[in-house]
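Since the structure comes first, as structure tokens, the remarks are kept for the end.
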Amino acid sequence: MTSPHDNAGPRSPGAGGTDHDPLPFDQRYRRALDDAQLQRNLLNFQRSWQGSREGTFAAYAENPERAARPALPAGGHLPPAKGSAEFQAMRAELAAIKDAVIAQLPGYIDQFQQAAEAHGIRVYRAVDAAAANGYVRDLCQARGIRHVVKSKTMVSEEIELNGALEAEGITVVETDLGEWIQQLAHERPSHMVMPAIHKSRLQVADLLSRAVGRPVSREDIGAQVSVARTELRRDFLEAGLGISGANALIASSGTVMFIENEGNARLVTTLPRVHVVLAGVEKLVPDYNAAMLQLRLLARSATGQAITSYTTFLSGPPDPGKEMHIVLVDNGRMRMRATPLIRDALRCIRCAACADVCPPYAVVGGHVFGHIYSGAIGLVNTPYHHGLEADAGPQSLCISCNACATVCPVGIPLPQQILAIRAQVVEELGMPAPLRAALELWAHPRLADVALRAAALATAPLRAGAFTRLERSGATLIPQVHRLTSWRTPPALARRPARDRLRTRQAAPGPHLDSPARGLRVAYFIQCLTDRLFPRMALAVVRVLEACGITVVVPEAQHCCGLPGIDAGALDPARAMARQTIEGLEQVRADYILTAGASCAVAILHDYERLFAGEPLWQLRARVLAERVIDFTTFMDSVARLAPGTLARPHSPFAPVTYHNFCQSANVLNLDAAPRRLITEVLGLELRELPESSVCCGFGGSTSVTRPAVAAQILVRKLENVRQTGARTVVTDNPGCILHLRGGIDAQKLPLRVLHLAELLAAHLPVTAGPAAHPTAVPPAPP
Amino acid sequence: MPRYWGCPLMAPDATTPRDLLDLFTRHAQAAGAQIVQVADVAAAVATIATISDGPLRCTAATQARYPALGPALIAAGLPLAVAEEIAAGLPDPPTLAATLAGGTGLVTAYAGIAETGSLVLADDGLAPRLVSMLPDMCIVLLPGAALLPALDDAARLLIDLDRAGHRYVSFVTGPSRTADIERVLTIGVQGPKELYIIITAAEEGDATYDQPTR
Chain A
55 MTSPHDNAGP RSPGAGGTDH DPLPFDQRYR RALDDAQLQR NLLNFQRSWQ
105 GSREGTFAAY AENPERAARP ALPAGGHLPP AKGSAEFQAM RAELAAIKDA
155 VIAQLPGYID QFQQAAEAHG IRVYRAVDAA AANGYVRDLC QARGIRHVVK
205 SKTMVSEEIE LNGALEAEGI TVVETDLGEW IQQLAHERPS HMVMPAIHKS
255 RLQVADLLSR AVGRPVSRED IGAQVSVART ELRRDFLEAG LGISGANALI
305 ASSGTVMFIE NEGNARLVTT LPRVHVVLAG VEKLVPDYNA AMLQLRLLAR
355 SATGQAITSY TTFLSGPPDP GKEMHIVLVD NGRMRMRATP LIRDALRCIR
405 CAACADVCPP YAVVGGHVFG HIYSGAIGLV NTPYHHGLEA DAGPQSLCIS
455 CNACATVCPV GIPLPQQILA IRAQVVEELG MPAPLRAALE LWAHPRLADV
505 ALRAAALATA PLRAGAFTRL ERSGATLIPQ VHRLTSWRTP PALARRPARD
555 RLRTRQAAPG PHLDSPARGL RVAYFIQCLT DRLFPRMALA VVRVLEACGI
605 TVVVPEAQHC CGLPGIDAGA LDPARAMARQ TIEGLEQVRA DYILTAGASC
655 AVAILHDYER LFAGEPLWQL RARVLAERVI DFTTFMDSVA RLAPGTLARP
705 HSPFAPVTYH NFCQSANVLN LDAAPRRLIT EVLGLELREL PESSVCCGFG
755 GSTSVTRPAV AAQILVRKLE NVRQTGARTV VTDNPGCILH LRGGIDAQKL
805 PLRVLHLAEL LAAHLPVTAG PAAHPTAVPP APP
Chain B
186 MPRYWGCPLM APDATTPRDL LDLFTRHAQA AGAQIVQVAD VAAAVATIAT
236 ISDGPLRCTA ATQARYPALG PALIAAGLPL AVAEEIAAGL PDPPTLAATL
286 AGGTGLVTAY AGIAETGSLV LADDGLAPRL VSMLPDMCIV LLPGAALLPA
336 LDDAARLLID LDRAGHRYVS FVTGPSRTAD IERVLTIGVQ GPKELYIIIT
386 AAEEGDATYD QPTR
């Protein structure tokens, strides 16, 4: 029987250590996509985590007295708030505290160091990974230490400490169960809090059996856990050095706070004679009170617990003869601090909630969705710790759904930061030539118009209903084309774009529905996909508005808001399109500028400001425009305000319906109740609540083009949820989702309709309202 | 800048000792701890005699705080060894750790935190600390008068303990656990598999947190 810890001497480097030279991104990506087990494991994990987290925060919201607490303003950016008032207030407060620390970071570091040194702790400031590793290595050599035990520290992963020590013949043993499993598998942690969460119990059993040389139960997780208790005890006793991480560094007292559930960190920091703490400088908090606030948010966000089993405050060598060192690691953090927008990422408390709600993470896991740090935060900090190239692949997987921003307990504007990193990748490392060419073309409205009309003509023979049947051309025999289209039937390019049809339409004669919006003048921003792919959707929008007695004007000079460029990180074309949009719309005389593309509303309302950072005049124009911009759903719910039952019919061919909450509608515009009110009250339809309604459908802007396999997997999850509702119609408010869902439903041949909320409303207008009712405003359900 | 948060889970009128105790009990039980309230030393002894398993060791601080406990336990046929005394006869920490592993550890908490159901342990010195880390079962004596409403109150206690020279302070909430495999909760990884909290009447062991000793 051999155990990995039986050997008295040093193990061979890497024997139990990490794979220090992981596969290139593309290989990791393809391997993950082929791993159906991985996807099952991760989806199960995300779903169970979500339930626990919501439970612990809900318990906080029970006290009505505390819900009204006003939030402190954060120093940096704070995304729109979601969740209970209690969560929001705590989030804002901790963000403000962390911002204040980041602003005065050198001072806090000094204060911490003085306090720690006064307690006999040796503090070393490591400027980079090499310095940090060198300090620990030299310490081992000076003390004759050959055997090291570690508790969880992501900083040690960041600086790749294990490899540095193993190269010197020093044995390093991870004692956190998940980390130990990963060490036995020669893998990096795939998740910051749950390092082996991508593995099933069967996979763990096989690893443990091989490591201990005897069979370990493949079913009984308890038996697997007890293997760690038995096997690791000897390491705790024999090790000369314990290495731990830190969850917070308390400046006022020079105290290291660390939290854990297993008790291994208490042993790592107690048994070996020498103890080294590795901590990033962003871990500083001013005092114990701030640490308590962090505790409240951290355990809930990390593991869905109110508090972990052990929270330890270590303020110096606790026993005679004990030696304690703290290595304060910069390794790019001061560069982050000096970078606007990115500096907010230094608030991070490493809870990994951003990974736990991320749809692409659930498809590929943390070895692909990240470099060493995984999840959304990993896409943001990797360039600063490991270089931009290490992030080129991972960042391309973000679908900008903003789910991470809704759960981040310190309100880091992760989606915006990732787009900034993407733009940097595009600028410094380039982007795929076809995508760039397409965006350049798209940025020229007249050229794009000519190209699209030509394409519509060229593909006319392949058009069948709302779709393009590429198989008729033989194009699907080309693997690349097949890869893009087999799971999502491409839509048909309209013979006549919406703009042409709207130009020649007759305004509605009335009578009108009873709406306080009657008499308003609304300019309609069609949205480019709607214009070219779904002209009937545009007609439906206009019919609904006119039925409310609204005068609809369609500005001629409109094309695309620039979102495709923003999504792809191609900021020059994005700015060009945004300028065109501002110029085309700002002169329009109208009470509102309405779009039924919720993503465009998000772009204009939230992205333009950042897009024009450094161009104050354009920022101002964007802000002025944004004051009049409104999305269709909000307009119908809060401006048109049709009375309940206004459009109710005894029998609707569409019922029951389910509502797919476009991720940015839900996460950025906070549109949860509004669309449901329109469906259940104004239309009086039966709404079957869609599980994971606001989880992205997978369209994800450029991701479904650049990473079709990920988009396809996320779509599978969405359609499975839809199927569970038993609804006949899926309703949503974003044309991108509609393209994606319709294509997927056609490819899977599901008996489902997908409608824009405007189409659903239009289909229920009384025949006397608006111009002659077009039954064709609703696409036919597939056979 | 940080403001006092109070205890978010406490109803606005929950300020009586009874409320604190109920809240503490609820949260500690939710974390997997077992709670026993005792009126006197005899009841504590009876409880320990019932639940303890294997060799019973305590810290010197526990012995000092509950002087009647040791003789009563011995009288009940439960020899209570003091960790510091065991350590004095052993050559090195690994030997001590190997000796203290398994069995039952008996320690005293400085305070309990109602908001989270946590115990505040502040044992300096290797031997007393290992008594709460290495046994299979940990029994913690908690003076009933030492309940704090919220984590913010614990922050004040931490400052006091810090000033008094304590270097290793822990909040212990339930037994050791993990969910690292398939997010399935499993109790007892490296720390104790069972955590019992014996809440002693206010007058018993009334050395509360405001009189920390080193």
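Protein sequences appear in the order of chains A and B.
Quick note, in this note's numbering, the first sequence goes up one by one and the last residue is 837.
Quick note, in this note's numbering, the second sequence goes up one by one and the last residue is 399.
Even for Gly, the Cβ is constructed at its ideal location relative to N, Cα and C.
Below-7 Å beta-carbon distance, residue i vs any chain A residue
i: M322 (chain B); result: no
i: L205 (chain B); result: no
i: T201 (chain B); result: no
i: R242 (chain B); result: no
i: P279 (chain B); result: yes
i: L311 (chain B); result: yes
i: V374 (chain B); result: yes
i: T371 (chain B); result: yes
i: L208 (chain B); result: no
i: A340 (chain B); result: yes
i: R211 (chain B); result: no
i: D238 (chain B); result: no
CA nearest to the CA of residue i, picked from the options
i: V821 (chain A); options: A:V598, A:V310, A:T460; result: A:V598
i: C602 (chain A); options: A:I733, A:R572, A:T522; result: A:R572
i: L556 (chain A); options: A:I532, A:M591, A:M248, A:A491; result: A:M591
i: G668 (chain A); options: A:P551, A:P394, A:I163, A:R490; result: A:P394
i: G651 (chain A); options: A:E222, A:G780, A:V504, A:S719; result: A:S719
i: G752 (chain A); options: A:V417, A:H245, A:H421; result: A:V417
i: V266 (chain A); options: A:R255, A:K376, A:V281, A:E273; result: A:V281
Proximity below 7 Å, CB of residue i to CB of residue j
i: A246 (chain B); j: G329 (chain B); result: no
i: T688 (chain A); j: A360 (chain A); result: no
i: I383 (chain B); j: V267 (chain B); result: no
i: A509 (chain A); j: L538 (chain A); result: no
i: G798 (chain A); j: L819 (chain A); result: no
i: Q375 (chain B); j: E316 (chain A); result: yes
i: S692 (chain A); j: N715 (chain A); result: no
i: G290 (chain B); j: V316 (chain B); result: yes
i: I658 (chain A); j: C615 (chain A); result: yes
i: A446 (chain A); j: L483 (chain A); result: yes
i: M246 (chain A); j: R404 (chain A); result: yes
i: A594 (chain A); j: A239 (chain A); result: no
Neighbour flag for residue i against chain B, beta carbons, 7 Å
i: Y342 (chain A); result: yes
i: E316 (chain A); result: yes
i: F141 (chain A); result: no
i: F367 (chain A); result: yes
i: D373 (chain A); result: yes
i: S428 (chain A); result: no
i: G798 (chain A); result: no
i: V270 (chain A); result: no
i: I361 (chain A); result: yes
i: T324 (chain A); result: yes
Under the three-state DSSP convention, the category residue i falls into
i: E214 (chain A); result: coil
i: I372 (chain B); result: strand
i: E482 (chain A); result: helix
i: T543 (chain A); result: coil
i: D726 (chain A); result: coil
i: R327 (chain A); result: coil
i: H705 (chain A); result: coil
Per-residue contacts from residue i into chain C (C-beta, under 8 Å)
i: R368 (chain B); result: This model lacks chain C altogether; the protein chains it does include are A and B.
query = At a Cβ cut of 8 Å, what residues of the segment 345-366 of chain B count as close to chain A, listed as they run along the chain?
reply = D347, H351, R352, Y353, V354, S355, F356, V357, T358, G359, P360, S361, R362, T363, A364, D365, I366
key: Near-chain B residues of the segment 91-103 of chain A (beta-carbon distance less than 9 Å), N- to C-terminal order   = N95, N98, F99, S102, W103
ask   = If you measure beta-carbon to beta-carbon, which residues of the segment 171-191 of chain A are closer than 8 Å to chain B?
value = H173
ask   = What residues from the segment 266-295 of chain B come within 8 Å of chain A, judged by C-beta to C-beta, listed N to C?
value = P278, P279, A282, A283, A286
query = What residues in the segment 244-258 of chain B bring their beta carbon closer than 9 Å to a beta carbon of chain A?
reply = none
message = Which residues of the segment 272-285 of chain A have a Cβ closer than 9 Å to any Cβ of chain B? Give them in chain order.
response = I275, G276, Q278, V279, S280, A282, R283
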